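Undergrad: Each number in our numbering corresponds to the 1-based position in the sequence shown with 121 added.
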Amino acid sequence: MDLGRLEYLQALVTEFQMTDSTGNQRRCSLDLSVLSVSSHTRLFSLAEAKEQVLANLANFAYDPNNYGYLRQLQVLDLFLDMLTEDNETLVEFAMGGLCNLCLDKTNKEYILEANGVEPIINCLSSSNEETVVSAVTTLMFLTTPRSRAQTTALPVVECMLRFSLSANTRLSNLASVFLQDYCSPPQVEEARNLSKHTAVGIPLPKD
């Protein structure tokens with residue numbers, strides 16, 4: 122075990138959990154010892170420091186060598202919890218972290234068992250393009266024979282149809298792949314027919 126890497130990740134998690142955006146101390150929900158943290162965050166406001174720590178954790182989620190440590194430190198739960206935050210930057214980084222982690226089978230199963238699909242679907246309504254792109258990609262990675270009914274539910278397919286018509290090429294291409302590779306033709310047709318009769322839908326993210 123790479124204790125240096127584990128200790129560093131543990132320090133990041135502790136730093137994030139122990140200080141909220143108002144600077145008040147709160148009890149850490151993870152079973153971690155309190156470690157001293159780096160002083161570089163003092164250069165930022167407390168809110169910015171929290172965002173920076175979450176961004177660092179999301180970046181560590183790129184490396185499969187960190188998956189075991191991140192599960193051990195319950196970072197997947199942390200990311201899932203952040204999806205309901207009002208701070209769009211925290212949501213963006215948390216969604217990006219989950220997108221990185223769900224390539225791994227064990228992480229994928231954990232997210233599904235933790236009922237993570239619903240808050241990820243809710244992120245499709247974000248006005249932040251990066252959050253939406255990560256959410257669409259994550260739903261692709263989370264789609265299995267068991268989860269398909271949820272990841273390709275009718276409201277999701279309707280959303281992808283709207284995204285596929287977006288002037289945002291990145292988003293429209295991704296949505297088109299989702300519709301082609303993860304949805305059946307009857308699903309797409311049902312969503313298309315329903316969309317003709319309603320103007321209500323998930324709004325497109327801001328460019």
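Positions of the beta carbon are idealized from the N, C-alpha and C atoms, including for glycine.
Model, not experiment: these values are computed from the prediction.
To the nearest angstrom, how far is the alpha carbon of CYS280 from that of ASP207?
TA: Mapped onto the sequence shown, residue 280 falls at position 159. Mapped onto the sequence shown, residue 207 falls at position 86. Between CYS280 and ASP207, the C-alpha separation is close to 22 Å.
Undergrad: I need the DSSP call for LEU222, collapsed to helix, strand or coil.
TA: The residue labelled residue 222 in the question sits at position 101 within the sequence shown. Correct three-state label for LEU222: helix.
Undergrad: Helix, strand or coil: which one does DSSP assign to SER166?
TA: As a first step, residue 166 must be located in the sequence shown, where it is residue number 45. Three-state DSSP puts SER166 in coil, outside helix and strand.
Undergrad: Leaving out five residues on either side along the sequence, give the residues of the same chain with a beta carbon under 7 Å from the beta carbon of ALA176.
TA: Numbered from 1 along the sequence shown, position 55 holds the residue referred to as residue 176. Excluding sequence neighbours, ALA176 sits near PHE214.
Undergrad: Rounded to whole angstroms, what is the Cα-Cα separation between GLU234 and GLN195?
TA: By one-based count along the sequence shown, residue 234 stands at place 113. By one-based count along the sequence shown, residue 195 stands at place 74. Straight-line Cα distance between these residues: approximately 14 Å.
Undergrad: How far does the alpha helix (DSSP H) with ARG267 in it extend, from its first residue to its last?
TA: The count along the sequence shown starts at 1 and reaches residue 267 at position 146. Premise fails: ARG267 is in no alpha helix (DSSP H) and is neither H nor E.
Undergrad: Inspect the beta-carbon positions of LEU191 and LEU130 and report whether they are closer than 8 Å.
TA: In the sequence shown, the residue the question calls residue 191 occupies position 70. In the sequence shown, the residue the question calls residue 130 occupies position 9. It is a contact, given that the beta carbons lie within the stated cut-off.
Undergrad: Residues in its own chain within less than 7 Å of ALA182 by CB, not counting five upstream and five downstream?
TA: For the purposes of this step, residue 182 is identified with residue 61 of the sequence shown, where counting begins at 1. Cβ neighbours of ALA182 beyond the five flanking positions: LEU191, GLY218, ASN221 and LEU222.
Undergrad: Distance, Cα to Cα, ALA312 vs GLU250?
TA: Indexing the sequence shown from 1 puts residue 312 at position 191. Indexing the sequence shown from 1 puts residue 250 at position 129. Each residue's Cα considered, the two are about 23 Å apart.
Undergrad: When you compare each of SER246, THR210, SER166 and PHE262 to ILE232 by their alpha carbons, which one comes out closest?
TA: To locate residue 232, count along the sequence shown from 1; it is residue 111. Considering only alpha carbons, the answer is PHE262.
Undergrad: Could you check whether LEU295 and SER258 sit closer than 8 Å to each other, using their CB atoms as the reference points?
TA: Position 137 of the sequence shown, counted from the start, is the residue given in the question as residue 258. Position 174 of the sequence shown, counted from the start, is the residue given in the question as residue 295. Residue identity check: residue 258 is Thr in the sequence provided, not Ser. Cβ atoms of THR258 and LEU295: closer than 8 Å.
Undergrad: By the 10 Å Cβ neighbour count, where 16 or more other Cβ atoms means buried, how is LYS317 classified, buried or exposed?
TA: Against the sequence shown, residue 317 aligns to sequence position 196. Counting Cβ neighbours within 10 Å, LYS317 comes out exposed, since fewer than 16 surround it.
Undergrad: List the whole-angstrom C-beta distance separating ARG283 from VAL254, where the pair is believed to meet the contact cut-off of C-beta under 8 Å.
TA: Within the sequence shown, numbered from 1, the residue matching residue 283 stands at position 162. Within the sequence shown, numbered from 1, the residue matching residue 254 stands at position 133. Their Cβ separation, rounded to whole angstroms, is 15 Å, which puts ARG283 and VAL254 out of contact at 8 Å.
Undergrad: Apart from the five residues on each side of it in sequence, which residues of its chain come closer than 6 Å, Cβ to Cβ, to LEU315?
TA: Along the sequence shown, one-based indexing puts residue 315 at 194. Excluding sequence neighbours, LEU315 sits near nothing in its chain.
Undergrad: Buried or exposed, going by whether 16 or more other CB atoms sit within 10 Å of the CB of ASN186?
TA: Sequence index remark: in the sequence shown, residue 186 carries index 65 (1-based). Looking at its Cβ environment, which holds fewer than 16 other Cβ atoms inside 10 Å, ASN186 is exposed.
Undergrad: Throw me the rounded Cβ distance for the LEU211 and GLU172 pair, which I believe falls under 8 Å.
TA: Locating residue 211 in the sequence shown gives position 90, where the first residue counts as 1. Locating residue 172 in the sequence shown gives position 51, where the first residue counts as 1. Correct: roughly 6 Å between the Cβ atoms.
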